[in-house]
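Residue numbers (full-length UniProt numbering): 1 to 336. Presented below is the structure to which this report refers.
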Amino acid sequence: MKNLGRVFSLTEKGIEAVTWGEMLHDPFFSFVGAKRKVLPATAERLGLDAGLGKDDKAAPTNHYFAALWKLPRLAGRDAAGYELLAQNGRLDATLYLGPKQAEHLLAFEKPFTQVIDYGFFGAVAHLLFWILKKVHTLVGNWGWAIVIFTVIIRAATWTLNTKQTISMLRMKDFEPHQKAIQAKYEKFGSDMTKKAEMQKELMALYKKNGHNPMGGCLPMLLQMPIFLALWSMLNAVFELRHAPFFGWITDLSAKDPYYIFPVLMGGSMFAQQYVTPAVGDPAQRKMMLVLMPAMMTFFFAQSPAGLTIYYFVFNMIGLAQTWWIMRSYQPQPIEV
Numbered sequence: 001m002k003n004l005g006r007v008f009s010l011t012e013k014g015i016e017a018v019t020w021g022e023m024l025h026d027p028f029f030s031f032v033g034a035k036r037k038v039l040p041a042t043a044e045r046l047g048l049d050a051g052l053g054k055d056d057k058a059a060p061t062n063h064y065f066a067a068l069w070k071l072p073r074l075a076g077r078d079a080a081g082y083e084l085l086a087q088n089g090r091l092d093a094t095l096y097l098g099p100k101q102a103e104h105l106l107a108f109e110k111p112f113t114q115v116i117d118y119g120f121f122g123a124v125a126h127l128l129f130w131i132l133k134k135v136h137t138l139v140g141n142w143g144w145a146i147v148i149f150t151v152i153i154r155a156a157t158w159t160l161n162t163k164q165t166i167s168m169l170r171m172k173d174f175e176p177h178q179k180a181i182q183a184k185y186e187k188f189g190s191d192m193t194k195k196a197e198m199q200k201e202l203m204a205l206y207k208k209n210g211h212n213p214m215g216g217c218l219p220m221l222l223q224m225p226i227f228l229a230l231w232s233m234l235n236a237v238f239e240l241r242h243a244p245f246f247g248w249i250t251d252l253s254a255k256d257p258y259y260i261f262p263v264l265m266g267g268s269m270f271a272q273q274y275v276t277p278a279v280g281d282p283a284q285r286k287m288m289l290v291l292m293p294a295m296m297t298f299f300f301a302q303s304p305a306g307l308t309i310y311y312f313v314f315n316m317i318g319l320a321q322t323w324w325i326m327r328s329y330q331p332q333p334i335e336v
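Next up, the structure:
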């Protein structure tokens, strides 16, 4: 309780009252109820006339823990709306002090599971965490569970990633013809009419050969909800707190103390980008080849080790998949 003392001080920050299905992850205090705002350092009484709903809930939270009040109703009004002094009576309320673990929160009050912030794709994150927990029951170590879970996710998205890589390789086949068409219209400069004609000719070339130039983007877009849900889930789950992996990784919720996995993750990202087929400006590609891995290495250096391990394994499997596809791919002739 020592670390939670400050969050009970209503004068340090305002209190937000929100409708069911909403939850403000305020570092000091959040209410679950009907919409209503109490400004700092006020003692405003909030009864039914103030628009509060039944059985308001209060939830001071931090990243992994929450203190949850389940407040009763007194004489037809919300207990949250009364300044109840010790000499005037007694207020009984149920209090939960503990980790943000779904099974514990469900036993207390179902809406309080909303204090676990899985982000916009919460439903997907719940499913992914259910799979991760099943894997953990088999291996008994959250670190190895993340590694096996990553293999499962890669296997589930294998076909989409294969289509994306093949589409990019196919674009490489078109590159000489694309450059020839662009060179033909280069003399017209920024003439918008001629630019439109050039695009029309390029699209006709793609259509004649049965290729969709956006085919490489669609698989990536379809995987985006999974990517974002995984990011939120691995950042939020209490189960990774103080969970060891091996060696120097003694807490999967904390950053790698020696930055080994962030460097490995950055190196794997560089290698995957290096072998991945790409079209467009070579100078721009060369810049991104160095810039993106460097930025992500810096970012993951401050991220939980569990998250970094996931993306390192994810990249290594992707690297192997890309190498295998490129080795077996046979360039196809382009009909002009």
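Each residue gets a CB set at the ideal place from its N, CA and C atoms; glycine is no exception.
Determine the burial state of residue i: buried for a count of at least 16 other Cβ atoms within 10 Å of its Cβ, exposed for fewer.
i	result
Glu239	buried
Tyr258	exposed
Arg170	buried
Tyr274	exposed
Pro176	exposed
Thr250	exposed
Pro277	buried
Pro282	exposed
Lys57	Residue placement at Lys57 is poorly supported in this model, since its pLDDT is 49, which falls under 50; the coordinates still yield a value, given next. The residue is buried, with at least 16 neighbouring Cβ atoms inside 10 Å.
Arg327	exposed
Leu319	buried
Leu52	A caution first: Leu52 carries a pLDDT of 36, below 50, which makes its placement in the model unreliable, though a value can still be read off. Looking at its Cβ environment, which holds 16 or more other Cβ atoms inside 10 Å, Leu52 is buried.
Within its chain, find whatever has a CB closer than 8 Å to the CB of residue i; leave out the 5 residues flanking it on each side and keep chain order.
i	result
Ile317	Thr150, Val151, Arg154
Pro304	Leu234, Asn235, Leu240, Leu252, Ser253, Ala254, Lys255
His136	Trp142, Ala145, Glu239
Ile181	Met198, Glu201, Leu202, Leu205
Gln321	Arg154, Trp158, Asn161, Thr162, Thr165
Ala294	Gly266
Trp323	Val275
Trp248	Asp256, Pro257, Tyr258, Ile260
Ile325	Thr162, Thr165, Ile166, Leu169
Val290	Phe270
Lys134	none
Ala196	none
Near residue i, which residues of its chain fall below 6 Å by C-beta distance, leaving aside the five closest residues on each side in sequence?
i	result
Ala204	none
Asn315	Ser268, Met269, Gln272
Met265	Phe300, Thr308, Tyr311, Phe312
Tyr329	Leu169
Gln101	Phe238
Leu292	Residue 292 is actually Met in this sequence, not Leu. Nothing meets the Cβ criterion.
His211	Arg170
Cys217	none
Trp96	Per the sequence shown, residue 96 should be read as Tyr rather than Trp. If we look at Tyr96 and ignore the five residues flanking it on each side, its Cβ neighbours are Leu68, Phe108.
Can you tell me where the beta strand (DSSP E) holding residue i begins and where it ends?
i	result
Leu202	Here Leu202 belongs to no beta strand (DSSP E); instead the alpha helix (DSSP H) covers 192 to 208.
Tyr96	94 to 99
Using a Cβ-Cβ cut-off of 7 Å (strictly less than) and excluding sequence neighbours within five positions of residue i, which residues of its own chain qualify?
i	result
Lys194	Tyr185, Phe188
Lys208	Glu335
Pro262	Asp256, Thr297, Phe300, Ala301, Thr308
Phe246	Gly143
Gln223	Thr157, Leu160
Val237	Phe129
His126	Tyr118
Tyr64	Pro99, Lys100, Phe238, Arg241
Ser190	none
Gln178	Leu202
Check the C-beta distance from residue i over to residue j and give it rounded, since I have them as a contact under 8 Å.
i	j	result
Ala229	Phe121	4 Å
Asp117	Gln332	Not a contact, Cβ separation roughly 47 Å.
Leu138	Phe108	Contact doesn't hold; Cβ gap of about 29 Å is too wide.
Leu105	Thr94	13 Å between Cβ atoms; not a contact.
Gln164	Met214	Not confirmed; about 11 Å, so no contact.
Ser232	Gly98	Ser232 to Gly98, Cβ: 21 Å. No contact.
Val115	Ala183	Between Ala183 and Val115 the Cβ distance is about 60 Å, and since that is not below 8 Å, they are no contact.
Pro225	Val124	5 Å
I'd like the span of the alpha helix (DSSP H) that includes residue i, first residue to last.
i	result
Leu252	Element bounds for Leu252: n/a, residue is neither H nor E.
Glu103	102 to 108
Gln140	Sequence inspection shows Gly at residue 140; the Gln mentioned does not correspond to that position. Premise fails: Gly140 is in no alpha helix (DSSP H) and is neither H nor E.
Glu175	158 to 185
Gly215	No alpha helix (DSSP H) holds Gly215; DSSP gives it neither H nor E.
Ser328	305 to 328
Arg241	Unbroken run through Arg241: none, as it is neither H nor E.
Ala301	Looking at the DSSP string, Ala301 is not in any alpha helix (DSSP H), and its letter there is neither H nor E.
Gly189	Premise fails: Gly189 is in no alpha helix (DSSP H) and is neither H nor E.
Tyr274	260 to 275
Specify whether the stretch 132 to 146 and the stretch 306 to 321 touch according to this definition: at least 3 beta carbon pairs, one from each stretch, less than 8 Å apart.
Under the Cβ criterion (8 Å, minimum of three pairs), the stretch 132 to 146 counts as touching the stretch 306 to 321.
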